[in-house]
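**Student:**
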Amino acid sequence: MPFRHHLLPAAMLPLLLLGLQPAARPAAAQDVAQDAARPAPEAATGWISKPLVEAQDFMVVAAHPLAAQAGYEVLKEGGSAADAVIAVQLVLNLVEPQSSGIGGGAFMLHWDAGEEVLAAYDGRETAPAEAGPDLFLTPEGEPMAFDEAVIGGRSVGTPGTLRLMELVHRLHGRLPWERLLQPAIELAEAGFEVTPRLAALVREEEETLRRFPATSAYFLPGGQPVEAGARLRNPEFAALLRSVAERGADAFYRGDVAREIVETVRGTAGNPGLLSEQDLAGYRVAVRRPVCGEYRAHTVCGMGPPSSGALTTLQILGILEHFHLASLDPLSVEATHLFAEASRLAYADRALYMADADFVPVPVDGLIDPGYLMLRAQLIDRNSVIENPQPGNPPWREGRAYAPDLSMEIPSTSHVSIVDGDGNVVSMTTTIEAGFGSRLMVRGFLLNNELTDFSFVPETDGRPVANRVEPGKRPRSSMAPAVVFDPAGEPFMATGSPGGARIIGYVTRSILGVVDWDLNAAEAVALPHAVSLGGAVDLEAGTPAAALAPALEALGHRVNVRDLNSGLHAIVIRNGILAGGADPRREGIALGD
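Under this note's numbering, the residue at position 189 of the sequence shown is numbered 333, and the numbers go up by one with no gaps.
(1) Between the beta-carbon of Pro533 and the beta-carbon of Leu489, is there less than 7 Å?
(2) Looking at the structure shown, is Asp597 part of a helix, part of a strand, or coil, going by DSSP?
(3) For Asp242, does the count of other Cβ atoms within 10 angstroms reach 16, so buried, or fall short, so exposed?
(4) Quick check on Thr480: does DSSP put it in helix, strand or coil?
(5) Would you mind sorting Gln233 into buried or exposed? The rule is 16 or more other CB atoms within 10 Å of its CB.
(6) Please classify Ser561: does DSSP put it in a helix, a strand, or coil?
(7) Where are the alpha helix (DSSP H) runs, 4 residues long or more, that stay fully inside the segment 402-427, in chain order?
(8) Considering Asn237, what are the terminal residues of the alpha helix (DSSP H) in which it resides?
(9) Would you please state the rounded distance, in angstroms, between the beta carbons of Leu472 and Tyr439? I believe it to be under 8 Å.
(10) Considering just the uninterrupted stretch of the beta strand (DSSP E) at Gly514, what are its terminal residues?
(11) In whole angstroms, what is the alpha-carbon distance linking Gln422 and His481?
(12) For my contact list, Ala271 and Glu577 are in at a C-beta cut-off of 8 Å; report their separation, rounded to the angstrom.
(13) Mapping DSSP to helix, strand and coil, what is Asp400?
(14) Taking only runs of the alpha helix (DSSP H) that begin and end inside the segment 327-393, which ones reach a length of at least 4 residues, in chain order?
(15) Would you list, in sequence order, the uninterrupted beta strand (DSSP E) runs of no fewer than 3 residues that lie entirely inside the segment 644-688?
(16) Please determine, among Val586, Leu519, Phe336 and Ser622, the residue with the shortest C-alpha to C-alpha distance to Glu594.
(17) In this structure, how does DSSP classify Glu292 when only helix, strand and coil are distinguished?
(18) Have a look at the DSSP bridge pairing and note the partners of Met203.
(19) What ranges does the alpha helix (DSSP H) occupy inside the segment 249-321, keeping only unbroken runs of at least 4 residues that lie completely in it?
(20) Just mark Asp707 as buried or exposed, buried being the case when its beta carbon has 16 or more other beta carbons within 10 Å.
(21) Which residues mark the beginning and the end of the beta strand (DSSP E) in which Leu722 is found?
(22) For Val705 and Pro340, I'd like the C-alpha separation in whole angstroms.
(23) Quick one: using the 10 Å Cβ neighbour count with 16 as the cut-off for buried, is Ala289 buried or exposed?
(24) What does DSSP give as the partner residues of His442 in its beta bridges?
(25) In the DSSP output, which residue or residues are listed as bridge partners for Phe589?
(26) Identify, in the order they occur along the chain, each residue of the same chain with its Cβ nearer than 6 Å to the Cβ of Phe600, setting aside the five sequence neighbours on each side.
(27) Going by DSSP, name the residue or residues bridged to Asp525.
(28) Which class does Arg433 belong to by DSSP, given the choice of helix, strand or coil?
(29) By the 10 Å Cβ neighbour count, where 16 or more other Cβ atoms means buried, how is Ala172 classified, buried or exposed?
(30) State whether the segment 253-263 contacts the segment 568-586, with contact taken as three or more CB pairs (one from each stretch) at a distance under 8 Å.
(31) Among His673, Ala293 and Arg307, which residue has its Cα nearest to the Cα of Met598?
(32) Going straight from the alpha carbon of Ala383 to that of Arg391, what length do you get?
(33) Would you call the segment 436-453 in contact with the segment 617-635, where contact means no fewer than 3 C-beta pairs closer than 8 Å?
(34) Determine the closest residue to Ala714 out of Ala698, Ala668, Arg730 and Ala695, with distance taken between C-alpha atoms.
(35) Among residues of its own chain, excluding the 5 on either side of His313, which ones have a beta-carbon nearer than 8 Å to its beta-carbon?
(36) With a threshold of 8 Å on Cβ separation, who are the neighbours of Thr359 within its own chain once the five nearest residues in sequence on each side are excluded?
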C-alpha cells in the first residue's frame with residue numbers, strides 16, 4: 145500500500161534539529177469492514193478475558209486502576225492524550241514502582257489527528273559518557289554474571305522518561321503541566337493501598353531490596369516486606385514532583401537531585417556506576433520517524449531502532465502474511481507452529497542486525513522488504529522445525545560485519561494506550577528494566593538497570609556486536625508500542641505490553657487476534673501465549689496453550705510450559721466506537737466515556 149506523507153506544521157519545524165521527520169500514513173482505501181459475529185472466547189477456546197469496555201469519546205487503558213483513573217479525569221477535563229499519559233505515568237511510578245518511572249525510559253507513539261502526523265518519541269536511557277565496551281567484563285575479560293551486573297550503580301543509564309513527558313506536553317499538551325502532576329503528588333502524600341502483586345514482588349526481591357538503605361526503608365518498613373492492603377506513603381516523591389511542577393524537568397536533571405542520583409550510582413559499594421551530572425544535564429529525547437509496514441491491508445507502525453520491537457513484529461507479520469491464518473484456530477497446533485517459526489526467523493535477524501541506528505548501520509528497509517520476507521517465509525515447513533535458524537541477507541545489509549548478540553532482557557515494564565476526544569492516540573511502553581531496576585532508590589523513585597540490555601560481550605571472533613556498549617548509546621530494546629491503521633488510513637488499534645524480549649510475541653499476537661481472528665480488544669489481550677525468542681516455544685501454563693506441547697514436540701519443537709505474565713493494554717476503534725481491553729494477568733483496567 146502506498147503511503148501519504150504529511151508535512152510538519154510550522155510550529156514543529158524546530159524539532160527537525162532533534163531528528164523529527166514527517167510520518168507516513170496509509171493512503172485512503174476501502175471502507176472499514178463491519179464487525180463480524182464471533183463466539184465468546186471462553187466458549188471457543190477455553191480462555192477468559194476481562195470485560196470489554198466501550199466508549200464513544202475517549203479511553204485510557206493502563207496497568208493500575210489509580211493510574212487509569214488519573215488519565216480518565218484528565219481526559220474528562222478536556223485534556224489531550226499527551227496530557228493524560230503524563231498523569232498516568234507519574235501515578236504508575238508511585239503505585240507500580242517496580243516497573244516504570246522517572247528513573248527509567250520510555251518509547252511513545254503519538255498520532256496527531258488534526259495534523260495527521262504519527263511521531264515516535266524516544267526517551268530511552270543512554271550509556272554514560274565514561275562507559276565503554278568493557279563495562280560488563282570482569283578483570284579477566286569474561287562477561288559478568290547477569291545478576292551481579294544488574295544490582296547497583298553499574299547498570300544505571302541516563303533516565304529519559306521525565307524529559308519525554310516534558311517534551312510531549314510542550315508539543316501536544318493542553319492542560320497546565322502542574323495539573324498533570326497533581327494526582328501523583330496527592331496519592332504520594334496521602335498514601336495508596338499496596339496491591340497483592342506489589343507485595344508479592346517485594347517478598348520475592350526482599351534480599352536484594354534490603355541491600356540499600358533507602359530502598360529497604362521504603363519497601364521493608366520496620367524490616368519486614370510491605371503487606372498487601374497496607375497504606376504506603378511516599379512524601380519524598382511528592383516533594384520532588386512539587387519541584388518538577390514548578391521548575392520543569394530541570395528540577396530532576398540539574399541541581400541537588402541530579403547530584404544525589406550521581407552520588408548514589410557512583411557510590412554503590414562493590415558495583416559502582418559511571419553516570420555523571422553532565423550525562424543528566426545533556427540528555428535529549430530523540431524524535432524519530434516511525435517504522436511502518438503493511439499487513440493484510442492494515443498498516444502497522446511502531447518504534448524503530450534502538451527498539452527491535454517494530455522491526456521484529458513487522459518481520460513476523462510479513463512472514464505470516466503468506467499463510468492463511470484466518471482459517472486456523474488461534475490455539476491450533478498449525479497456527480502456533482507457523483507463529484513460532486516466523487518468530488524464530490525474525491529473532492535470528494534481530495540478534496545480528498538490530499541496535500541503536502545512531503551508532504551502527506541497521507538495514508531497516510531491507511529487514512521489512514516484502515520480497516525478503518517472502519523468501520524467509522519459504523523456509524517454513526508446515527510439518528517440521530527449522531534447525532538452528534540463521535540470519536538472512538536482507539537488501540541494504542550493512543549489519544553483516546557484526547556478530548550476533550544473545551543478551552537477555554528482563555520482563556518488568558508497563559504499557560499505556562490512550563485515545564482522547566479529538567482522536568489523538570498515544571501508545572507508550574515505559575520501563576526501568578528488571579523488577580525494581582538497579583534496586584537503587586533516590587528521592588522516592590527507583591533507578592533503572594537499563595544498561596544490562598547491552599551485549600555483555602563486545603565482539604565475537606573479531607567482529608563487533610552491534611548492541612555493544614558505547615558512550616551515549618541507547619541499548620537495544622524489545623518494547624513495541626504499536627499503532628495500527630485500518631485500510632482507510634484511520635487509527636484502528638493501539639497496543640503494547642511489558643514482558644522483556646517476549647514483548648514482541650505478545651504484541652504481535654494481539655494484532656493477529658484482532659486482524660486475523662476477529663477478536664475484540666479484551667479477547668485479543670487475553671489470548672493464551674505461545675511465543676518463541678528464537679529457540680524453544682514457550683507455552684503459557686494454566687491455559688489451553690499448554691495442551692499444545694505434545695503435538696509441537698512431535699513436529700520437532702523444544703517446548704517450555706511456564707508462566708507468561710504479559711500486561712497487554714489495547715484499544716480498538718471500529719465504527720466510531722472505542723473498545724478497550726486490559727490484560728487479565730495484571731491489575732490494569734480500561735476507562736472511557
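Note that the Cβ used here is the ideal one computed from N, Cα and C, for glycine as well.
Values in this document were obtained by computation on a predicted structure and should not be read as measured data.
**Tutor:** According to the structure data:
(1) Position 389 of the sequence shown, counting from 1, holds the residue named residue 533. Position 345 of the sequence shown, counting from 1, holds the residue named residue 489. Yes, these two residues count as a Cβ contact at 7 Å.
(2) Here residue 597 refers to the residue found at position 453 of the sequence shown. Helix, per DSSP.
(3) Residue numbering aside, residue 242 sits at position 98 when the sequence shown is read from its first letter. First, the residue type needs correcting, since residue 242 is Gln and not Asp in the sequence shown. Classification of Gln242: buried, given that the 10 Å Cβ count is 16 or more.
(4) Along the sequence shown, one-based indexing puts residue 480 at 336. Of the three classes helix, strand and coil, the one that applies to Thr480 here is helix, per DSSP.
(5) Here residue 233 is taken as the residue at index 89 of the sequence shown, counted from 1. Classification for Gln233: buried.
(6) As a working mapping, residue 561 is identified with position 417 in the sequence shown. Correct three-state label for Ser561: strand.
(7) 421-425
(8) The sequence position of residue 237 within the sequence shown is 93, counting from 1. Looking at the DSSP string, the run of the alpha helix (DSSP H) that includes Asn237 is Ala225 to Val239.
(9) Reading the sequence shown from its first residue, position 328 is the one you call residue 472. Reading the sequence shown from its first residue, position 295 is the one you call residue 439. No, Leu472 and Tyr439 are not in contact; Cβ-Cβ is about 16 Å, not under 8 Å.
(10) The residue given as residue 514 occupies position 370 in the sequence shown. Per the sequence shown, the amino acid found at residue 514 is Pro instead of Gly. Premise fails: Pro514 lies in the alpha helix (DSSP H), Pro514 to Ala521, not in any beta strand (DSSP E).
(11) Position 278 of the sequence shown, counting from 1, holds the residue named residue 422. Position 337 of the sequence shown, counting from 1, holds the residue named residue 481. If you take the alpha carbons of Gln422 and His481, they lie about 49 Å apart.
(12) On the sequence shown, position 127 is the one that residue 271 refers to. On the sequence shown, position 433 is the one that residue 577 refers to. Going by Cβ atoms, the distance from Ala271 to Glu577 rounds to 13 Å, so no, they are not a contact pair.
(13) Your numbering for residue 400 matches position 256 in the sequence shown. In the structure shown, Asp400 sits in a helix (DSSP, three-state: H, G or I).
(14) 340-348, 350-353, 357-363 and 379-391
(15) 674-676 and 681-684
(16) The residue given as residue 594 occupies position 450 in the sequence shown. Ranking the options by Cα distance to Glu594, first place goes to Ser622.
(17) In the sequence shown, residue 292 corresponds to position 148, counting from 1. Three-state result, Glu292: helix.
(18) If you number the sequence shown from 1, residue 203 lands on position 59. Answer is Val563 and Gly736, bridged to Met203.
(19) 290-294 and 305-316
(20) Against the sequence shown, residue 707 aligns to sequence position 563. Exposed: under 16 other Cβ atoms inside 10 Å.
(21) Along the sequence shown, read from residue 1 onward, the residue named residue 722 stands at position 578. Taken as a continuous stretch (DSSP letters only), the beta strand (DSSP E) holding Leu722 covers Ile721 to Ala726.
(22) Here the question's residue 705 lines up with position 561 in the sequence shown. Here the question's residue 340 lines up with position 196 in the sequence shown. Distance between the alpha carbons of Val705 and Pro340 is about 24 Å.
(23) Here the question's residue 289 lines up with position 145 in the sequence shown. Exposed is the call here.
(24) To locate residue 442, count along the sequence shown from 1; it is residue 298. Answer is Tyr439.
(25) The residue given as residue 589 occupies position 445 in the sequence shown. In DSSP, Phe589 forms a bridge with Val586.
(26) As a working note, residue 600 is residue 456 in the sequence shown. These residues qualify, in order along the chain: Phe280 and Pro287.
(27) Within the sequence shown, the letter at position 381 stands for residue 525. Partner(s): Ser528.
(28) To locate residue 433, count along the sequence shown from 1; it is residue 289. DSSP places Arg433 in coil when its eight states are reduced to three.
(29) Translated into positions along the sequence shown, residue 172 becomes position 28. For Ala172, the pLDDT reaches just 28, beneath the cut-off of 50, and the residue's location in the model is therefore unreliable, although a value from the coordinates is still provided. Exposed: under 16 other Cβ atoms inside 10 Å.
(30) yes
(31) Residue 598 sits at position 454 when you count from the first residue of the sequence shown. In the sequence on display, residue 598 carries Phe and not Met. Minimum Cα distance to Phe598 is reached at Ala293.
(32) Residue numbering aside, residue 383 sits at position 239 when the sequence shown is read from its first letter. Residue numbering aside, residue 391 sits at position 247 when the sequence shown is read from its first letter. The alpha-carbon atoms of Ala383 and Arg391 are separated by roughly 12 Å.
(33) yes
(34) Your numbering for residue 714 matches position 570 in the sequence shown. Nearest of Ala698, Ala668, Arg730 and Ala695 to Ala714, Cα basis: Ala668.
(35) Along the sequence shown, one-based indexing puts residue 313 at 169. The answer, listed in chain order, is Ala226, Asp227, Ile230, Trp321 and Leu324.
(36) What you label residue 359 is simply residue 215 of the sequence shown in a count that begins at 1. Correct list, in chain order: Leu353, Phe580, Arg583, Leu584, Met585 and Leu590.
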